[in-house]
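> Going letter by letter, the sequence shown gives residues 1 to 204 in full-length UniProt numbering. Take this structure first; my questions come after.
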Amino acid sequence: MTFTERLNRAMHEGGFSQGSLAKAVGMAQSSVWKLTSGTASRTTRLVDIARVLGVRPEWLSDGKEPMREEESSESEKNDIELIEYNGMFLVDIYEEDIPTGEQIMIPNLVESNTCKAYKLQVNSGCAEAPAGTIIVIDSNETAGTNDLIYARVNNMLSIYRFIQGGSHGYLSVDDTRVPLIDIGNSDVEVLGVVVYLLRNMKNR
Numbered sequence: 001m002t003f004t005e006r007l008n009r010a011m012h013e014g015g016f017s018q019g020s021l022a023k024a025v026g027m028a029q030s031s032v033w034k035l036t037s038g039t040a041s042r043t044t045r046l047v048d049i050a051r052v053l054g055v056r057p058e059w060l061s062d063g064k065e066p067m068r069e070e071e072s073s074e075s076e077k078n079d080i081e082l083i084e085y086n087g088m089f090l091v092d093i094y095e096e097d098i099p100t101g102e103q104i105m106i107p108n109l110v111e112s113n114t115c116k117a118y119k120l121q122v123n124s125g126c127a128e129a130p131a132g133t134i135i136v137i138d139s140n141e142t143a144g145t146n147d148l149i150y151a152r153v154n155n156m157l158s159i160y161r162f163i164q165g166g167s168h169g170y171l172s173v174d175d176t177r178v179p180l181i182d183i184g185n186s187d188v189e190v191l192g193v194v195v196y197l198l199r200n201m202k203n204r
């Protein structure tokens, strides 16, 4: 692992962007960019960077393990350390209505106590959300036209696009041959508006 790879790993695990690291260390963001891009592989501020990122300078500089300082006592090793990631928050992942015990970390731009995450098992009718996509929904968010909605229709969960109209609005998919679904129907349950999604952009 190169210096650049170690630096990027430590920044990722610490929740630091180039800008936030530059500010915390007191460096120019352009200098941090050179280090993270591999344009530069050494810096006189290495000790300061390591301190801010919470890693050992020897590890950051030369890859000498361990990455972080060892715990000072056996009791401390048994403690669960909560790492705060700046600008991020945790969302519980659900399968149907049951928590899986797993969590996903997402940007706090959409932070809400009513957020839940789901992994789509099959392709939805919307191109943005194929099978394998992890979606985060907010049950308190108000939908606008073309927002993605996670809904149960005829006991089947899937992603739909919201269309304003009628008394409650409609659900649609990309295939225009499929008729609109009235949200007011008794067999329709809207779980929430999709506020964040994570998908693999690489075709395999």
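Note that beta-carbon positions come from the ideal geometry of N, C-alpha and C, so glycine has one too. Quick caveat, the model's predicted, so the values are computed rather than measured.
Run through DSSP, which three-state label would Q121 get?
Along the sequence shown, read from residue 1 onward, the residue named residue 121 stands at position 121. Three-state DSSP puts Q121 in coil, outside helix and strand.
> Any heavy atom of the ligand ATP closer than 8 Å to the beta-carbon of S20?
You won't find the ligand ATP in this model; it holds no ligand whatsoever.
> Assign R42 to buried or exposed, taking buried as 16 or more other Cβ atoms, counted over all protein chains shown, within 10 Å of its Cβ.
Position 42 of the sequence shown holds residue 42. By the neighbour-count rule (16 or more Cβ atoms within 10 Å), R42 is not buried but exposed.
> Counting pairs of Cβ atoms below 8 Å between the segment 59-68 and the segment 26-38, do you hit three or more?
No: fewer than three Cβ pairs fall under 8 Å.
> Need the endpoints of the alpha helix (DSSP H) that M11 sits in, please.
Numbered from its first residue, the sequence shown carries residue 11 at position 11. That run of the alpha helix (DSSP H) goes 3-14.
> Please report the Cβ distance between V153 and I181, rounded to the nearest whole angstrom; I am assuming they are in contact, meaning their Cβ atoms lie under 8 Å.
As a first step, residue 153 must be located in the sequence shown, where it is residue number 153. As a first step, residue 181 must be located in the sequence shown, where it is residue number 181. Confirmed, about 6 Å.
> Please report the straight-line C-alpha distance between G144 and F89, rounded to a whole angstrom.
As a position in the sequence shown, residue 144 is number 144, starting the count at 1. As a position in the sequence shown, residue 89 is number 89, starting the count at 1. For G144 and F89, the distance between alpha carbons rounds to 25 Å.
> Using only the alpha-carbon positions, how far apart do Y160 and N113 sit?
As a first step, residue 160 must be located in the sequence shown, where it is residue number 160. As a first step, residue 113 must be located in the sequence shown, where it is residue number 113. Answer to the nearest angstrom: the Cα atoms are 23 Å apart.
> In terms of DSSP beta bridges, what is V194 paired with?
Locating residue 194 in the sequence shown gives position 194, where the first residue counts as 1. In DSSP, V194 forms a bridge with I137.
> Under 6 Å Cβ to Cβ from Q29, same chain only, skipping five residues before and after it: list those, please.
Within the sequence shown, residue 29 is the residue found at index 29, counting from 1. Excluding sequence neighbours, Q29 sits near Q18, G19, A22.
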